[in-house]
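First the structure, in the form of structure tokens, and then the observations on it.
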Amino acid sequence: MDSGNPRIPPPAIRSPDGPASAVRSTVVRLPLVLACHKHRRRFLMDNAVLSVRPKAPVFAPAVVPVLTPAPVLRHVAADHAAADHFQHPGDTLFPRLMTVTSDVCREFMVDVPAGVNLFTHLQEVLAAAGAESGIIAFTGGVFDTIDYHTVTYFPPEPAAGKAAKVYGSSIRAAGPITLLAATLSFGLTADGAPLLHCHAAFVDSDGNTHGGHLSNQNCIVAAEGVQACVSVFGDIRFRARHDSETTFSVFHPEVVGAAA
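So, in structure tokens, the structure goes:
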């Protein structure tokens with residue numbers, strides 16, 4: 003990160019270890035894995051793979067996200083034939099793998115203040131930083147309110163050409179809400195507008211564990227704030243495009259400047 007950039011209002015963004023180090027071989031794939039540079043751990047996320055091999059450790063989050071370890075990927079192919087499958091309306095794509103390689107990635111920390119909507123604040127910070135596409139790993143935080151969605155299935159068979167599952171109605175967790183783990187992918191819509199997509203696990207005031215897709219409209223940060231590490235792609239981007247298998251609009255990696 004260029005700490006002298008006047009567009010970035012301190013202390014909203016801070017560098018954990020001074021100027022961000024350059025990294026090598028950033029690989030984006032589907033399904034998503036986040037590589038924690040310093041701890042050399044990789045975590046299976048929701049829908050793509052970010053694998054980064056740095057020249058030197060870049061950040062050391064206070065709390066390492068507790069998510070499904072990437073070694074399970076080794077067993078995916080072996081288990082595929084024997085597993086029960088959920089059939090989407092389009093032709094099955096297996097393995098679901100897209101790869102784009104970059105030599106450029108930068109990172110910075112964000113302290114999200116109390117009282118703001120998480121997504122509104124992050125979108126402002128990303129715009130000020132000139133950050134178009136990347137991943138945000140949350141290292142801790144507390145919310146007053148979280149609205150989220152889980153997947154709803156349509157038994158027994160969806161209509162021809164229609165999605166076999168969708169997000170259900172909004173669910174509100176009772177605050178204060180402690181964040182357990184969350185990762186946010188950010189990129190562009192098909193029309194080039196900013197798009198943020200986050201899945202999270204968290205505990206409400208009664209000790210109940212929740213998880214799902216966070217609503218962009220109503221995730222209000224509590225007095226304790228929320229902390230996040232932003233990894234920004236240099237010459238690759240996420241763009242939401244139609245997915246023929248699921249009929250959803252999902253992020254696809256692409257080289258910056260390549261034909262759409």
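Residues in the sequence shown are numbered consecutively from 3, following my numbering. Every residue gets a Cβ at the ideal spot worked out from N, C-alpha and C, and that includes glycine.
With respect to the 9 angstroms criterion, P115 and T248 are not classified as neighbours on the basis of their beta carbons. For V106, the secondary structure class from DSSP, reduced to helix, strand or coil, is coil.
Secondary structure at A183: strand, using DSSP grouped into helix, strand and coil.
Of the candidates F235, S135, A175, the residue whose Cα lies closest to the Cα of T211 is A175. F145 sits in a strand when the DSSP states are folded into three classes.
The C-beta distance from H244 to Y169 rounds to 17 angstroms, too long to meet the 8 angstroms contact threshold. Between the segment 123-143 and the segment 175-189 there are three or more C-beta pairs closer than 8 angstroms, enough to call the two in contact. Contact between the segment 101-109 and the segment 230-244 is present: three or more C-beta pairs spanning the two stretches fall below 8 angstroms.
DSSP places V234 in no alpha helix (DSSP H) but in the uninterrupted beta strand (DSSP E) bounded by 211-235. Annotation: L99 to E256 spans about 13 angstroms, alpha carbon to alpha carbon. In terms of Cα proximity to Q219, the closest of S172, P196, I179 is S172. V144 and P97 have their alpha carbons spaced roughly 37 angstroms apart. If the five residues before and after F204 are omitted, its C-beta is found closer than 8 angstroms to the C-beta atoms of F145, I148, A175, I179, T180, L181, L182, A184, T211, H212, G213, all from its own chain and listed in chain order.
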